[in-house]
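Colleague: One structure, as structure tokens, below. Some questions next.
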Amino acid sequence: MELFFKYLQYEKRYSPHTLTSYHTDLGQFAQYLQQVYDITDAAEADHTIIRSWLLTLVQHNIQPRSINRKIACLRSYYRFLLAQQRIAVNPMLRIKAPKASKKLPAFVLEEPFNTLLDNFTFEDNFEGQRDRLILEFLYGTGIRLAELLGVDHTDIDHRAKVVRVLGKGNKERIVPLNDSLLNSIAAYEAQKKQYFADNNSVKLLVTNKARPLYPKFVYRVVKKYISLITTSEHNSPHVLRHSFATHLLNKGADLNAIKDLLGHASLAATQVYTHNSIEKLKSVFEKAHPKA
Numbered sequence: 001m002e003l004f005f006k007y008l009q010y011e012k013r014y015s016p017h018t019l020t021s022y023h024t025d026l027g028q029f030a031q032y033l034q035q036v037y038d039i040t041d042a043a044e045a046d047h048t049i050i051r052s053w054l055l056t057l058v059q060h061n062i063q064p065r066s067i068n069r070k071i072a073c074l075r076s077y078y079r080f081l082l083a084q085q086r087i088a089v090n091p092m093l094r095i096k097a098p099k100a101s102k103k104l105p106a107f108v109l110e111e112p113f114n115t116l117l118d119n120f121t122f123e124d125n126f127e128g129q130r131d132r133l134i135l136e137f138l139y140g141t142g143i144r145l146a147e148l149l150g151v152d153h154t155d156i157d158h159r160a161k162v163v164r165v166l167g168k169g170n171k172e173r174i175v176p177l178n179d180s181l182l183n184s185i186a187a188y189e190a191q192k193k194q195y196f197a198d199n200n201s202v203k204l205l206v207t208n209k210a211r212p213l214y215p216k217f218v219y220r221v222v223k224k225y226i227s228l229i230t231t232s233e234h235n236s237p238h239v240l241r242h243s244f245a246t247h248l249l250n251k252g253a254d255l256n257a258i259k260d261l262l263g264h265a266s267l268a269a270t271q272v273y274t275h276n277s278i279e280k281l282k283s284v285f286e287k288a289h290p291k292a
């Protein structure tokens, strides 16, 4: 398994988030094999054993989306074993994934969020400007949490008004920055220089001890402020990415342009946002049309 994870990390360039999830999934599968079938090598499991594990997950009310991720993990693993000639037949060829219900991406409403950024008084110090920048960066660019944490000072080109982002699979893309976001970056950088006498940090966003920010920190900041404008439980950093795409689409932005901004590999991943836009069109129709 360790060889498999090195393969995913260094050859397939999987994200740290995916690697963590796959570690968990394979660990659970290995534990099941040992406890139920007294098998210590996953290469010995056939499709009936794998199916029994998946059935157990269903019986424990695990969501279809989570089960599908575990199936994707096992498919990658057994393809790897087949390529390494550890197995002669891929047992995952006889496994079908359950259908998962499609959920519309959660997003915050445009007006309340912009009111938060414009009217909320963020403290005029390092911490206050950092909190504001986290919110505005995620919403103003639509980049992923991992991408935000990876942004260095040198990745930002103030003159060209762009930021260089390293996305999934180490794919680099250029994302434009609006004037408001550039002003927030400048205000934060000024506070950062005052707060740290010797500022040698390469990363743009850091903790109070000049260490790079970590995911839980950003989650806490986003939840703190989003909770001020909505009672929804959907208040993670990814919701701001959804909001970025949904608001652009509602304003008439081209779907292919949004795809490139988000760093999606295919248009299929971006098309999910059209459903939110269609729901808005329905709402406008029902309010405006005399026969609605």
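Residues in the sequence shown are numbered consecutively from 1, following my numbering.
Glycine included, C-beta positions come from ideal geometry on N, C-alpha and C.
#1: Give the DSSP-derived three-state secondary structure of residue 87 in the structure shown.
#2: When DSSP labels each residue in this structure, what does residue 355 get in the three-state scheme?
#3: Please report the distance separating the alpha-carbon of residue 252 from that of residue 245.
#4: Which residue comes first and which comes last in the beta strand (DSSP E) that contains residue 176?
#5: CB residue 204 to CB residue 151, shorter than 7 Å?
#6: Let's see if you can read the secondary structure: which residues bound the beta strand (DSSP E) around residue 164?
#7: With three or more beta-carbon pairs closer than 8 Å as the criterion, would you say the stretch 1-10 touches the stretch 70-80?
#8: Please return the same chain residues whose Cβ sits closer than 8 Å to the Cβ of residue 52, not counting the five positions on each side in sequence.
#9: Nearest CA to the CA of residue 229: which residue from 104, 182, 60, 110?
#10: Using beta-carbon positions only, say whether residue 97 and residue 71 come within less than 7 Å of one another.
#11: Given a cut-off of 7 Å on the beta-carbon distance, is the pair residue 201 and residue 190 in contact?
#12: Would you list the residues sitting across from residue 151 in a DSSP beta bridge?
#13: Would you mind working out which of 62, 196, 136, 147 sits nearest residue 263, comparing C-alpha positions?
#14: Let me check understanding here. Comparing Cα to Cα, which of 14, 2, 176, 85 lies closest to residue 160?
#15: Can you tell me whether residue 270 is buried or exposed? The criterion is at least 16 other CB atoms within 10 Å of its CB, across all chains shown.
#16: Between 226, 193, 66, which has its C-alpha nearest residue 138's C-alpha?
#17: Secondary structure at residue 218, three-state DSSP: helix, strand or coil?
#18: Rounded to a whole number of angstroms, what is the C-alpha to C-alpha distance between residue 125 and residue 185?
#19: Are residue 216 and residue 235 closer than 7 Å when you measure CB to CB?
#20: Taking the DSSP output, what are the residues bridged to residue 212?
#21: Using the Cα positions of residue 267 and residue 257, report the straight-line distance between them to the nearest angstrom.
#22: Under 7 Å, do residue 62 and residue 91 count as touching if we go by C-beta distance?
#23: Using the Cβ count rule (16 or more neighbours within 10 Å means buried), how would you classify residue 242?
#24: Could you give the distance in angstroms between the alpha-carbon of residue 127 and the alpha-carbon of residue 133?
#25: Where do the N-terminal and C-terminal ends of the alpha helix (DSSP H) with residue 128 fall, by residue?
#26: Whose C-alpha, out of 282, 112, 169, is nearest the C-alpha of residue 16?
#27: Count the other C-beta atoms from every protein chain shown that fall within 10 angstroms of the C-beta of residue 136, then say buried if there are 16 or more, exposed otherwise.
#28: Should residue 144 go down as buried or exposed, given a rule of 16 or more other Cβ atoms within 10 Å for buried?
#29: Taking the alpha-carbon positions, what's the residue 163 to residue 118 distance?
#30: Do residue 181 and residue 172 count as a contact pair if the criterion is CB distance below 7 Å?
Modeller: So, from the data block:
#1: Coil, per DSSP.
#2: Because the chain spans 1 through 292 in this model, residue 355 falls outside it and cannot be assessed.
#3: Roughly 11 Å separates the two Cα atoms.
#4: Under the DSSP assignment, residue 176 falls in the beta strand (DSSP E) whose first and last residues are 172-176.
#5: Remark: C-beta atoms of residue 204 and residue 151 approach each other more closely than 7 Å.
#6: Unbroken beta strand (DSSP E) run through residue 164: 162-166.
#7: Verdict: yes, contact present.
#8: Here the set comprises 36.
#9: By alpha-carbon distance to residue 229, the top candidate from 104, 182, 60, 110 is 110.
#10: Yes, the Cβ-Cβ distance between residue 97 and residue 71 is below 7 Å.
#11: Residue 201 is not a Cβ neighbour of residue 190, given a cutoff of 7 Å.
#12: For residue 151, which the question treats as bridged, DSSP gives no partner whatsoever.
#13: Across the set 62, 196, 136, 147, the C-alpha of 147 shows the shortest separation from the C-alpha of residue 263.
#14: Nearest in C-alpha terms to residue 160, of all of 14, 2, 176, 85, is 176.
#15: Around the beta-carbon of residue 270, 16 or more other beta-carbon atoms lie within 10 Å, marking it buried.
#16: Of the listed residues, the one whose Cα sits closest to residue 138 is 226.
#17: If DSSP states are grouped into helix, strand and coil, residue 218 belongs with the helices.
#18: A direct Cα-Cα distance of roughly 13 Å separates residue 125 from residue 185.
#19: No, they are not a contact pair.
#20: For residue 212, which the question treats as bridged, DSSP gives the partners 206.
#21: Going from the Cα of residue 267 to the Cα of residue 257 covers about 10 Å.
#22: Going by C-beta atoms, residue 62 is not nearer than 7 Å to residue 91.
#23: That one is buried.
#24: Linking residue 127 to residue 133 through their CA atoms gives a straight-line distance of about 10 Å.
#25: Residue 128 -> alpha helix (DSSP H) spans 126-141.
#26: Checked all of 282, 112, 169; the closest Cα to residue 16 is 169.
#27: By the 10 Å Cβ count, residue 136 comes out buried.
#28: Buried, because 16 or more other Cβ atoms sit within 10 Å of the Cβ of residue 144.
#29: Straight-line Cα distance between these residues: approximately 23 Å.
#30: Taking 7 Å as the Cβ cut-off, residue 172 and residue 181 do not qualify as a contacting pair.
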